[in-house]
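Written out below as structure tokens is the structure these notes cover.
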Amino acid sequence: MEIIGHSIEEFRTRAFYIDKSLVFPCILLFIKIDKGGWFSLTIDEGKCIVSLEESEPKSISLHEITDSFAYPIQKVDMLNKYAGRKLKNVMEYRLTKKDDLCIGIYLQFDSGGLSIIENDGGLSFFDGVCDEILNESQLMSSYDSLW
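Count the sequence shown with our numbering and you get residues 101 to 247, in order.
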């Protein structure tokens, strides 16, 4: 199953807390497409990793987790504006001086786009192309077959 050509229905994030203190608001992004499938996305150590999930990532709040290391999963309301949009293309932000290292991705929709950028182990979201990092990176086609 591929994501390109499908509409996005929902985004969820997996956050990371230690002793109820937020470390990263997003370490993993879950994407639901119109066919009902869920994909996970993370960017780590210069690699963009996309996986088809076997089941729906269940929402769980921080209050439901008793461990000192907590990984709650929540819907991402700030990305609701992309729900219902068809994904047209995916490109990777790759370092200019070391183009085998991915530092983010750009999701191009039928209307607008979303940049997902790795920053010190977490993922950040930006509307459109992230011009801030283009002086050190370039947008290139993604090679992941799940896109």
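Positions of the beta carbon are idealized from the N, C-alpha and C atoms, including for glycine.
Which residue's Cα is closest to the Cα of Ile216: Glu154, Ile173, His106, Val150?
Taking the sequence shown and counting its residues from 1, one reaches residue 216 at position 116. With distances taken between Cα atoms, Ile216 lies closest to Val150.
Cβ shell of Ser242 (< 8 angstroms), same chain only, five flanking positions each side left out
Position 142 of the sequence shown, counted from the first residue, corresponds to residue 242. Only Cys148, Val190, Met191, Glu192, Ile205 meet the Cβ criterion.
Own chain, CB closer than 7 angstroms to Leu122, minus 5 neighbours either side, in chain order
On the sequence shown, position 22 is the one that residue 122 refers to. Contacts found: Ala115.
Helix or strand or just coil, what does DSSP make of Glu192?
Mapped onto the sequence shown, residue 192 falls at position 92. Reduced to three states, the DSSP call for Glu192 is strand.
Cβ contact check for the segment 176-187 and the segment 107-114: 3 or more pairs under 8 angstroms:
yes
What does the Cβ neighbour count give for Glu218, buried or exposed, with the cut at 16 atoms within 10 Å?
Taking the first residue of the sequence shown as 1, we reach residue 218 at position 118. Looking at its Cβ environment, which holds 16 or more other Cβ atoms inside 10 Å, Glu218 is buried.
Member of Phe139, Thr113, Phe225, Gly228 whose CA lies at the smallest distance from the CA of Ser159
Locating residue 159 in the sequence shown gives position 59, counting from the first residue. With distances taken between Cα atoms, Ser159 lies closest to Thr113.
Endpoints, beta strand (DSSP E) assigned at Arg185:
In the sequence shown, counting from the first residue as 1, residue 185 sits at position 85. No beta strand (DSSP E) contains Arg185, which DSSP labels as neither H nor E.
How about Ser168 and Asp119: do their beta carbons lie closer than 8 angstroms?
Indexing the sequence shown from 1 puts residue 168 at position 68. Indexing the sequence shown from 1 puts residue 119 at position 19. Yes, the pair counts as a contact, with Cβ atoms nearer than the cut-off.
Taking the alpha carbon of Leu128 as the reference point, which residue from Phe225, Asp231, Glu164 has its own alpha carbon closest?
Here residue 128 corresponds to residue number 28 of the sequence shown, with the count starting at 1. When only C-alpha atoms are compared, the closest one is Phe225.
Considering only the alpha carbon of each residue, which of Gly228, Asp199, Leu201, Leu223 lies closest to Gly213?
As a position in the sequence shown, residue 213 is number 113, starting the count at 1. For the residues Gly228, Asp199, Leu201, Leu223, the minimum Cα distance to Gly213 belongs to Gly228.
I think Glu232 touches Thr196, with their Cβ atoms under 8 angstroms apart; what is that distance to the nearest whole Å?
For the purposes of this step, residue 232 is identified with residue 132 of the sequence shown, where counting begins at 1. For the purposes of this step, residue 196 is identified with residue 96 of the sequence shown, where counting begins at 1. About 14 angstroms; that fails the 8 angstroms criterion.
Output the distance between the C-alpha atoms of Ser161 and Phe124, rounded to the nearest integer angstrom.
As a working mapping, residue 161 is identified with position 61 in the sequence shown. As a working mapping, residue 124 is identified with position 24 in the sequence shown. Going by the C-alpha atoms only, they are around 15 angstroms apart.
If you compare alpha carbons, which of Thr142, Asp210, Tyr117, Trp247 is closest to Ile165?
Here residue 165 refers to the residue found at position 65 when the sequence shown is read from its first residue. It is Tyr117.
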